[in-house]
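Residue numbers (my numbering): 18 to 180.
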């Protein structure tokens with residue numbers, strides 16, 4: 018059985034096909050310019066602390082009060098917020114309660130948006146439903162049919178799905 022990661026949570030919200038492909042080890046991201054840009058932003062963040070990794074999660078940064086997730090764009094805030102909620106959920110299970118902060122870099126580096134994310138009963142319930150849905154999705158024998166949206170053109174899986 019595949020371990021659910023924050024990336025899978027993000028992909029599930031963003032695109033069910035992408036989630037299934039990634040969970041089933043079909044990785045096309047190594048050739049993606051968008052993915053390389055995102056990784057570079059993680060490396061150059063001025064207040065960056067090394068990633069904290071344990072079990073099946075990687076936290077971009079953890080402070081006294083916050084778990085911080087860094088994204089290169091605010092184009093899909095819902096998936097990024099749920100990814101961060103998942104990290105808060107895993108930490109809570111370990112007895113560590115923190116708030117989350119989502120930091121979004123815009124193309125002009127002087128603009129950084131911050132969003133606070135809090136794991137409450139409602140968001141935890143929603144997250145548990147998503148986790149159950151992901152387990153069901155990734156156990157399917159084949160990926161769901163992709164549904165074309167304008168965001169698909171920038172996706173690392175575009176050629177797989179549509180060409």
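No residue lacks a Cβ here, since even glycine has one placed at the ideal position from N, Cα and C.
For the beta strand (DSSP E) that contains residue i, what are its first and last residues?
{"i": "residue 74", "result": "74 to 76"}
Could you compute how far the alpha carbon of residue i sits from the alpha carbon of residue j?
{"i": "residue 161", "j": "residue 99", "result": "21 Å"}
{"i": "residue 82", "j": "residue 135", "result": "11 Å"}
{"i": "residue 68", "j": "residue 151", "result": "25 Å"}
{"i": "residue 172", "j": "residue 119", "result": "21 Å"}
{"i": "residue 110", "j": "residue 180", "result": "42 Å"}
{"i": "residue 85", "j": "residue 159", "result": "34 Å"}
{"i": "residue 169", "j": "residue 34", "result": "11 Å"}
{"i": "residue 63", "j": "residue 132", "result": "In this predicted model, residue 63 has a pLDDT of only 47, less than 50, meaning its place in the structure is not dependable; the value taken from the coordinates is given anyway. Roughly 18 Å separates the two Cα atoms."}
{"i": "residue 140", "j": "residue 117", "result": "13 Å"}
{"i": "residue 71", "j": "residue 39", "result": "20 Å"}
{"i": "residue 41", "j": "residue 112", "result": "31 Å"}
{"i": "residue 104", "j": "residue 145", "result": "13 Å"}
{"i": "residue 137", "j": "residue 101", "result": "13 Å"}
Kindly list the residues whose CB is nearer than 6 Å to the CB of residue i, restricted to its own chain and excluding five residues on each side of it in sequence; keep chain order.
{"i": "residue 65", "result": "With a pLDDT of only 49 at residue 65, under the threshold of 50, the placement of this residue in the model should not be trusted, and no figure is reported."}
{"i": "residue 93", "result": "31"}
{"i": "residue 96", "result": "27, 30 and 31"}
Mind checking if residue i is an interface residue toward chain B, Cβ cutoff 8 Å exclusive?
{"i": "residue 87", "result": "Within the model displayed, chain B is absent; a lone protein chain is all it includes."}
By Cβ distance below 7 Å, which residues in the same chain neighbour residue i in space, the five residues on each side in sequence not counted?
{"i": "residue 22", "result": "73 and 74"}
{"i": "residue 77", "result": "59, 68, 85, 86 and 87"}
{"i": "residue 25", "result": "36, 39, 40 and 151"}
Could you spell out the range, first to last residue, of the alpha helix (DSSP H) harbouring residue i?
{"i": "residue 88", "result": "Run containing residue 88: none in the alpha helix (DSSP H); it sits in the beta strand (DSSP E), 83 to 88."}
{"i": "residue 36", "result": "33 to 40"}
Based on DSSP bridge pairs, tell me the residues matched to residue i.
{"i": "residue 71", "result": "74"}
Short of 8 Å in beta carbon distance, which residues of its chain neighbour residue i, apart from the five on each side in sequence? Order them along the chain.
{"i": "residue 108", "result": "84, 114 and 115"}
{"i": "residue 129", "result": "120, 121, 122 and 123"}
ask   = Quick one: complete alpha helix (DSSP H) runs, 4+ long, within the region 111 to 177?
value = 138 to 155
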